[in-house]
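Visitor: My questions all concern the structure below.
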Amino acid sequence: MAAQIYERLDLAANQLETAIGLFIGGHDRFSVITLAGAADGILTQIVSNRGEETFAEILVREDDDKTMSRSRMGTHVNTILLINELKHMDKHGDGCITVDAEECALATILKALANFVTLRDNEVDFVKAFLLWVRLNLDPHRYNVNCEPNWKPTPRKE
Amino acid sequence: MTAQKYHKSDIATAQLQTAIVLFLGGRDRSSVITLAGAASGILEQLVRNEGKIPFVDYARSLAPGPTPPRGTANRVINDVLGINPHKHMKADCADALEIDLEKCAEDAITKAVGDHVTLHGREHDFIKAFLQWAWINRNGPQVMEEYNKSPEKIKRYGRANIRKT
């Protein structure tokens, strides 16, 4: 096989599709985070290049800290999701990380998906599959499982 | 769902295993490249921490002229293998990219497997599976014949990292 020309959006979509397939199939969560994080690195720039609002920009707009910049927010979110930790290792340190891999994998997919649906829509098969998984498996009091624009978390009734 | 402690060695192994399973199963090559690249980023430092030579340092030692800085060598190698374009995009990058995904996927795995074998030997099943695939599909006997005829400088890497068991 020789070199071919690919749209970067397609390369990102393929990685996100693999991440979702691995996640729904119950496979390695660190691979899910790495793939969804890589896809998002491309998707964010394409969304920005097309003049649309990126997921990080939405977070900045809704953040109480009005000094927060898009760049700082992007770094902050990637740090929380351990996206950089899973592809680098410092010379110093014990090489251990403490993480809820399940939560991180879910959040990284959701972050990438937010940018992906800005570029394409919800009608892509792997997006539909993931959103169906969300509706069937996540707590509707804690997660916006139906993607409602004005949704807020509600305390569960005892 | 609760937080647990993991060592990066196990994380890199899991990423590389996923990459090889996807590769041997004929699945998406972009995902293979990204996972093998991430595993490599961790394995390289772990190899160095054990006082052994990671692939990138071996490659630097073979470069003509002055030895390139490690950061530069890593960036060039990760560009050539398609690892960087699969996770980063600058504002002035074109929307399209020319790449041989099949070759980059194989080469990215080969680089990571080299460092993984230096650390853990060849005992993991997924490592054996990839090495067997490479032996059959890349004419292992001929590669070894050419390797044996190579200058000592090239063979030094393998010998320096032979696991003492």
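The listed protein sequences correspond, in order, to chains A and B. For our numbering, count along the first sequence from 1 and bump the result up by 2. For our numbering, count along the second sequence from 1 and bump the result up by 60. No residue lacks a Cβ here, since even glycine has one placed at the ideal position from N, Cα and C. Everything numeric in this text was worked out from a predicted model, so none of it was measured.
Determine the chain B residues that contact A:Asp30 at a beta-carbon separation under 8 Å, and present them in chain order.
Guide: One-based indexing of the first sequence puts residue 30 of chain A at position 28. Going along chain B in sequence order, the residues near A:Asp30 (Cβ under 8 Å) are Ala74, Gln75, Gln77 and Thr78.
Visitor: Which residues bound the beta strand (DSSP E) around B:Leu157?
Guide: Here residue 157 of chain B corresponds to residue number 97 of the second sequence, with the count starting at 1. Ala156 to Ile159 is the span of the beta strand (DSSP E), which, as asked, contains B:Leu157.
Visitor: Put A:Cys149 into one of helix, strand or coil per three-state DSSP.
Guide: If you number the first sequence from 1, residue 149 of chain A lands on position 147. Residue state, collapsed to three classes: coil.
Visitor: Output the boundary residues of the alpha helix (DSSP H) element that contains A:Thr46.
Guide: Within the first sequence, residue 46 of chain A is the residue found at index 44, counting from 1. Counting along the chain, the alpha helix (DSSP H) containing A:Thr46 begins and ends at Arg31 to Asn51.
Visitor: Measuring CA to CA, which of A:Arg52, A:Asp67, A:Trp135 and A:Phe118 is closest to A:Ile26?
Guide: Position 24 of the first sequence holds residue 26 of chain A. Of the candidates A:Arg52, A:Asp67, A:Trp135 and A:Phe118, the one whose C-alpha sits nearest the C-alpha of A:Ile26 is A:Trp135.
Visitor: Identify whether B:Lys65 lies in helix, strand or coil by the three-state DSSP scheme.
Guide: As a first step, residue 65 of chain B must be located in the second sequence, where it is residue number 5. Three-state result, B:Lys65: strand.
Visitor: Taking buried to mean at least 16 other C-beta atoms within 10 Å of its own C-beta, is B:Pro211 buried or exposed?
Guide: Within the second sequence, residue 211 of chain B is the residue found at index 151, counting from 1. The residue is exposed, with fewer than 16 neighbouring Cβ atoms inside 10 Å.
Visitor: Is it a yes or a no for the region 4 to 21 of chain A touching the region 62 to 71 of chain B, going by three-plus beta-carbon pairs under 8 Å?
Guide: Short answer: they don't touch.
Visitor: Between the Cα of A:Asn148 and the Cα atoms of A:His78, A:Leu133, A:Ala15 and A:Gly97, which residue gives the shortest distance?
Guide: Counting from one through the first sequence, the residue named residue 148 of chain A turns up at place 146. Nearest C-alpha to A:Asn148: A:Leu133.
Visitor: Kindly indicate which three-state DSSP category B:Glu206 falls into: helix, strand or coil?
Guide: Here the question's residue 206 of chain B lines up with position 146 in the second sequence. B:Glu206: helix per DSSP, three-state reduction.
Visitor: So what does DSSP say about B:Ile113, is it helix, strand or coil?
Guide: On the second sequence, position 53 is the one that residue 113 of chain B refers to. B:Ile113 falls in the coil class under three-state DSSP.
Visitor: So, for B:Phe115: in the same chain, excluding its five sequence neighbours on each side, which residues have a beta-carbon less than 6 Å away from its beta-carbon?
Guide: Residue numbering aside, residue 115 of chain B sits at position 55 when the second sequence is read from its first letter. So the qualifying residues of the chain are Lys171, Gly174 and Asp175.
Visitor: Applying the criterion that 16 or more other CB atoms from any shown protein chain within 10 Å of the CB defines a buried residue, is A:Ala21 buried or exposed?
Guide: In the first sequence, counting from the first residue as 1, residue 21 of chain A sits at position 19. With 16 or more Cβ atoms within 10 Å of its Cβ, A:Ala21 is classed as buried.
Visitor: For A:Ser33 and chain B, any beta-carbon pair shorter than 9 Å?
Guide: Locating residue 33 of chain A in the first sequence gives position 31, where the first residue counts as 1. Closer than 9 Å to some Cβ of chain B, the Cβ of A:Ser33 qualifies, so yes.
Visitor: Skipping 5 residues on each side, what residues in its chain have a beta carbon closer than 6 Å to that of A:Thr110?
Guide: Here residue 110 of chain A refers to the residue found at position 108 when the first sequence is read from its first residue. Answer for A:Thr110: Ile35, Ala38, Gly39 and Leu83, listed in chain order.
Visitor: Please check the pair B:Val92 and B:Ala79, which I expect to be a contact at CB under 8 Å, by giving their CB distance rounded to whole angstroms.
Guide: Locating residue 92 of chain B in the second sequence gives position 32, counting from the first residue. Locating residue 79 of chain B in the second sequence gives position 19, counting from the first residue. The Cβ separation is near 5 Å, so the contact holds.
Visitor: Which residue comes first and which comes last in the alpha helix (DSSP H) that contains A:Val136?
Guide: In the first sequence, the residue the question calls residue 136 of chain A occupies position 134. First-last of the alpha helix (DSSP H) with A:Val136: Asp127 to Asn139.
Visitor: CB-CB under 8 Å to A:Cys98, same chain, minus the five flanking residues each way: which ones, in chain order?
Guide: Looking up residue 98 of chain A in the first sequence gives position 96. There are no such residues.
Visitor: Just how far apart, CA to CA, sit B:Asn134 and A:Asp92?
Guide: Here residue 134 of chain B refers to the residue found at position 74 when the second sequence is read from its first residue. Here residue 92 of chain A refers to the residue found at position 90 when the first sequence is read from its first residue. For B:Asn134 and A:Asp92, the distance between alpha carbons rounds to 15 Å.
Visitor: Check whether chain A comes within 9 Å of B:Arg130, counting only Cβ atoms and requiring the distance to be less than that.
Guide: Here residue 130 of chain B corresponds to residue number 70 of the second sequence, with the count starting at 1. By this cut-off, B:Arg130 is not an interface position.
Visitor: Use the C-beta contact count for B:Lys150: other C-beta atoms within 10 angstroms, 16 or more gives buried, fewer gives exposed.
Guide: One-based indexing of the second sequence puts residue 150 of chain B at position 90. Its Cβ having fewer than 16 others within 10 Å, B:Lys150 is exposed.
Visitor: Starting from A:Cys207, follow the beta strand (DSSP E) in both directions and report where the run begins and ends.
Guide: Limits of chain A in this structure are 3 at one end and 160 at the other, which puts residue 207 of chain A out of reach.
Visitor: One question on the structure: do B:Gly131 and B:Leu161 come within less than 9 Å of each other, judged by their Cβ atoms?
Guide: Residue mapping note: residue 131 of chain B aligns to position 71 of the second sequence, counting from 1. Residue mapping note: residue 161 of chain B aligns to position 101 of the second sequence, counting from 1. Taking 9 Å as the Cβ cut-off, B:Gly131 and B:Leu161 do not qualify as a contacting pair.
Visitor: Could you check which residue in A:Arg31, A:Gly95 and A:Asp12 has the C-alpha nearest to that of B:Gln77?
Guide: Within the second sequence, residue 77 of chain B is the residue found at index 17, counting from 1. Nearest of A:Arg31, A:Gly95 and A:Asp12 to B:Gln77, Cα basis: A:Arg31.
Visitor: What in chain A is Cβ-close to B:Met149, meaning under 9 Å?
Guide: In the second sequence, counting from the first residue as 1, residue 149 of chain B sits at position 89. In chain order: Arg10, Ala14, Gly43, Ile44, Leu45, Thr46, Gln47, Ile48 and Asn51.
Visitor: In angstroms with no decimal places, state the Cα-to-Cα distance between A:Glu64 and A:Gly95.
Guide: Within the first sequence, numbered from 1, the residue matching residue 64 of chain A stands at position 62. Within the first sequence, numbered from 1, the residue matching residue 95 of chain A stands at position 93. Whole-angstrom Cα-Cα distance: 35 Å.
Visitor: Output the distance between the C-alpha atoms of A:Lys130 and A:Gly43, rounded to the nearest integer angstrom.
Guide: To locate residue 130 of chain A, count along the first sequence from 1; it is residue 128. To locate residue 43 of chain A, count along the first sequence from 1; it is residue 41. So the alpha carbons of these two residues sit roughly 22 Å apart.
Visitor: Determine the chain B residues that contact A:Ile7 at a beta-carbon separation under 8 Å, and present them in chain order.
Guide: Looking up residue 7 of chain A in the first sequence gives position 5. Neighbours of A:Ile7 on chain B, chain order: Ala156, Leu157 and Glu158.
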